[in-house]
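Just so you know, the sequence shown maps onto residues 4 to 392 in our numbering.
Heads up, the beta-carbon is just placed ideally off N, CA and C, and yes, glycines get one too.
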Amino acid sequence: MPRFTLPRDIYYGKNAIEELRNLKGYKRAMIVTGGSSMQKFGFLDKLENVLKEAGLETKVFEGVEPDPSVETVMKGAKAMQEFEPDVIISIGGGSPIDAAKAMWVFYEYPELTFEDIKTPFSMPKLRKKAIFVAIPSTSGTATEVTAFSVITDYSTKIKYPLADFEITPDIAILDSSIPMTMPKTLVAHTGMDAMTHALEAYVASARSKFSDPLAMEAISMIFDNLVDSYNGDEEARGEMHIAQCLAGMAFSNALLGIAHSIAHKTGAQYNLPHGCCNAILLPHVIKFNSKVCMSRYAEVARKLGLPGGTEKQLVDSLINAINELNAKIGIAPTFKENGVSEELFKSTVDFIAENAALDPCTGSNPRKCTAEDLKKIIECAYYGKVVEF
Numbered sequence: 004m005p006r007f008t009l010p011r012d013i014y015y016g017k018n019a020i021e022e023l024r025n026l027k028g029y030k031r032a033m034i035v036t037g038g039s040s041m042q043k044f045g046f047l048d049k050l051e052n053v054l055k056e057a058g059l060e061t062k063v064f065e066g067v068e069p070d071p072s073v074e075t076v077m078k079g080a081k082a083m084q085e086f087e088p089d090v091i092i093s094i095g096g097g098s099p100i101d102a103a104k105a106m107w108v109f110y111e112y113p114e115l116t117f118e119d120i121k122t123p124f125s126m127p128k129l130r131k132k133a134i135f136v137a138i139p140s141t142s143g144t145a146t147e148v149t150a151f152s153v154i155t156d157y158s159t160k161i162k163y164p165l166a167d168f169e170i171t172p173d174i175a176i177l178d179s180s181i182p183m184t185m186p187k188t189l190v191a192h193t194g195m196d197a198m199t200h201a202l203e204a205y206v207a208s209a210r211s212k213f214s215d216p217l218a219m220e221a222i223s224m225i226f227d228n229l230v231d232s233y234n235g236d237e238e239a240r241g242e243m244h245i246a247q248c249l250a251g252m253a254f255s256n257a258l259l260g261i262a263h264s265i266a267h268k269t270g271a272q273y274n275l276p277h278g279c280c281n282a283i284l285l286p287h288v289i290k291f292n293s294k295v296c297m298s299r300y301a302e303v304a305r306k307l308g309l310p311g312g313t314e315k316q317l318v319d320s321l322i323n324a325i326n327e328l329n330a331k332i333g334i335a336p337t338f339k340e341n342g343v344s345e346e347l348f349k350s351t352v353d354f355i356a357e358n359a360a361l362d363p364c365t366g367s368n369p370r371k372c373t374a375e376d377l378k379k380i381i382e383c384a385y386y387g388k389v390v391e392f
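Given below as structure tokens:
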């Protein structure tokens, strides 16, 4: 049966974090964060003060790394088991929020292993011990409203996207004061992650009349605001924080596609930010998928006012517009130009393609594909070739 799931409450705007003063009836809050930037700019202290004013005892688990590991997840779950929170709050980028979601599962079910929850939509019922609050500091992953968490197994250099509506947060706090502190490169990468979320959701196999308007509005807002946000405009930063959330609502329900399947694997193998990988791959994936959903991409191009008399011309205009957007925010168009050596590329491309084919996002891609298809797309994204198959 089709389903559409969102957090129960979303609070947004400047100083929205203050809303947690109304978090009554709870006793202990475990705060999960990456640490440095949230501490540096005073947001972690502010959060702790707000929670203490609401009568909650707090404990901080910090130091979650970019692309959080299975080991960090298990360490955090153990800390939760010792503290026994009834509220889990994660503040920071996508990494600490993703990690906290996985920690939450193992806090409530300490007998489970990572292998037990890797299969999409196989998690047990949560909220027996705690509710979950997410406060994003970046404008891209939208993990604060999604049913997903990406965890890395560094022994194999594979990112695993965990998926289940159970890990959709209960409360999302979109405090527009926080993303004002993002450096330009992070604005670029997270912004293109959001763009990829929205475009993939608009053509994904599980799309619906509920997800389509959210995806389309997100695409339009990102095209309008990403460059200005990159250049430091305060209003545009706030608009991007909303846009990425709309994209998250869309893809959490419509699911994603092979840009993400490949990005999950190339990011770990090439040590590149996830959003950067998506930005490189997106034009090639649109070209590949347009064989089966050209009209959907053409609708996007029309919404953006791009030129074209035919659907094919409109799709080409959309690809050109994305390439131009990448250039304006400083993202080079190929993996090679982003510092991936040819030796590393050739030694890993088969492994990446084979594992991308097994990624959960591949199943919801609009065009069915094989590992060989994915290898050809990766080759195009490495050398800058045009997808012609």
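With a 10 Å radius around its C-beta and 16 neighbouring C-beta atoms as the bar for buried, classify residue i as buried or exposed.
i    : result
D101 : buried
M195 : buried
E169 : buried
D12  : exposed
G260 : buried
P182 : buried
E111 : buried
R210 : buried
A356 : buried
M252 : buried
Y157 : exposed
F129 : According to the sequence as given, residue 129 is Leu; it is not Phe. Flag for L129 reads buried.
L309 : buried
D167 : buried
M4   : exposed
Y386 : exposed
T146 : buried
K104 : buried
E203 : buried
Ends of the beta strand (DSSP E) at residue i?
i    : result
L165 : 161-166
R31  : 31-36
K62  : 60-64
T155 : 151-156
What are the start and end residues of the alpha helix (DSSP H) that includes residue i?
i    : result
Y300 : 277-306
A204 : 187-206
G79  : 73-86
I219 : The question names Ile, but residue 219 in the sequence shown is Met. Here the alpha helix (DSSP H) through M219 covers 214-233.
V352 : 345-361
G333 : Looking at the DSSP string, G333 is not in any alpha helix (DSSP H), and its letter there is neither H nor E.
D48  : 46-56
C383 : 374-386
N256 : 237-257
I20  : Segment: none, I20 is in no alpha helix (DSSP H) and carries neither H nor E.
T269 : 261-273
E391 : Premise fails: E391 is in no alpha helix (DSSP H) and is neither H nor E.
M183 : Taken as a continuous stretch (DSSP letters only), M183 belongs to no alpha helix (DSSP H), as it is neither H nor E.
E118 : 117-120
S40  : 39-43
What number of angstroms, rounded off, separates the C-alpha of residue i from the C-alpha of residue j?
i    : j    : result
I283 : A257 : 22 Å
H299 : P10  : For the sequence presented, residue 299 should be read as Arg rather than His. Roughly 28 Å between the two C-alpha positions.
P336 : E375 : 22 Å
L26  : R240 : 27 Å
S140 : G95  : 5 Å
T351 : S344 : 11 Å
T149 : P172 : 7 Å
V67  : T365 : 28 Å
P369 : M243 : 27 Å
V295 : G311 : 19 Å
T373 : L361 : 10 Å
A1   : A191 : An answer regarding residue 1 cannot be provided, because it is not within the stretch 4 to 392 covered by the chain.
P186 : F291 : 33 Å
L165 : S320 : 34 Å
F86  : F44  : 26 Å
Y273 : L347 : 8 Å
M106 : F7   : 24 Å
G342 : E391 : 25 Å
M41  : S214 : 32 Å
If the criterion is Cβ atoms closer than 8 Å, does the pair residue i and residue j meet it?
i    : j    : result
V35  : I120 : no
I138 : S93  : yes
M219 : A246 : no
G37  : S98  : yes
Y233 : I380 : no
G143 : G58  : no
F151 : H200 : no
N358 : I161 : yes
I20  : D178 : yes
E60  : R31  : yes
A197 : A250 : yes
P286 : I325 : yes
Any idea which residues DSSP pairs residue i with across the strands?
i    : result
I176 : Y14
C140 : It should be noted that the sequence gives Ser, not Cys, for residue 140. S140 pairs with nothing; no bridge assigned.
G95  : P139
V90  : A32, I134
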